[in-house]
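Worksheet: the structure to be examined is printed underneath.
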Amino acid sequence: FPRESLPVSVVLANLINFLLSLVVLFGLILAFGMPISRWILLLPLVIAVQVIFTIGFALIMATANVFYRDTQIIMEVVMMAWFFLTPIFYPVEILPRNYLLWGMSFDVWRWVNILNPMASIIATYRVILYSAAPPDIYFFMRTLVTAVGTLVVGALIFYRYSRTFAEEV
Numbered sequence: 005f006p007r008e009s010l011p012v013s014v015v016l017a018n019l020i021n022f023l024l025s026l027v028v029l030f031g032l033i034l035a036f037g038m039p040i041s042r043w044i045l046l047l048p049l050v051i052a053v054q055v056i057f058t059i060g061f062a063l064i065m066a067t068a069n070v071f072y073r074d075t076q077i078i079m080e081v082v083m084m085a086w087f088f089l090t091p092i093f094y095p096v097e098i099l100p101r102n103y104l105l106w107g108m109s110f111d112v113w114r115w116v117n118i119l120n121p122m123a124s125i126i127a128t129y130r131v132i133l134y135s136a137a138p139p140d141i142y143f144f145m146r147t148l149v150t151a152v153g154t155l156v157v158g159a160l161i162f163y164r165y166s167r168t169f170a171e172e173v
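Heads up: the sequence shown runs through residues 5 to 173, numbered per the working numbering.
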């Protein structure tokens, strides 16, 4: 069977859970009378970009886990930290706009969004679902490029090392 089906199946199984949670979210949005804009039609595109990024990341982590058994334990800690560093339960606007670091001005908002590809995906979800404004297209295109790049790198790494998985396991 195709080796990549294992990490991809995990991502797709979690996608089903995510889509079911969106049904509940839409029910709450309707129950509270929140406005639904035409930008909601972009939701499948945002979900697709998130899935592309997640599959690429899963391929990289699956490969690392075969060769380094502690990858799973380390990733649990890293994922928890990543969760709190991503503006999910807080808007990026509550972070200081500028921060002085070693005598240089440091734009916190910009670096959170550049270094964290999930930050722009979450921000796009927030804009589409909770406001009637269009999402920032530049912001989203950068995330799309990052997601496709992650998928390509993940696929290259996975296919390069997948022939030796059986020997390593």
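Cβ atoms here follow ideal geometry from the backbone N, Cα and C, with glycine treated the same way.
Of all the options the options, which has the alpha carbon lying nearest to the alpha carbon of residue i?
i	options	result
residue 142	135, 85 and 150	150
residue 26	50, 66 and 14	50
residue 126	137, 119, 90 and 154	90
residue 164	152, 64 and 122	64
residue 66	152, 85 and 7	7
What separation, rounded to the nearest whole angstrom, lies between the Cα atoms of residue i and residue j?
i	j	result
residue 42	residue 170	49 Å
residue 58	residue 102	30 Å
residue 62	residue 94	26 Å
residue 12	residue 129	23 Å
residue 17	residue 9	12 Å
residue 133	residue 124	14 Å
residue 166	residue 81	26 Å
residue 139	residue 29	19 Å
residue 144	residue 36	28 Å
residue 78	residue 156	23 Å
residue 147	residue 33	26 Å
residue 97	residue 111	12 Å
residue 15	residue 55	7 Å
residue 152	residue 86	20 Å
residue 168	residue 71	10 Å
So what's residue i in DSSP terms, helix, strand or just coil?
i	result
residue 109	strand
residue 8	coil
residue 13	helix
residue 93	coil
Tell me the DSSP bridge mates of residue i?
i	result
residue 102	111
Quick check on residue i - is its C-beta less than 8 Å from some C-beta in chain D?
i	result
residue 31	Although the question refers to chain D, the structure presented lacks it and comprises just one protein chain.
Would you mind listing the beta strand (DSSP E) stretches within the segment 119-151 that are 3+ residues and don't spill past its ends, in chain order? Within the segment 119-151, complete beta strand (DSSP E) segments of at least 3 residues are not found at all.
Enumerate, from N- to C-terminal direction, the unbroken alpha helix (DSSP H) stretches of 4 or more residues contained entirely within the segment 36-85. Here the runs fully enclosed are 47-71.
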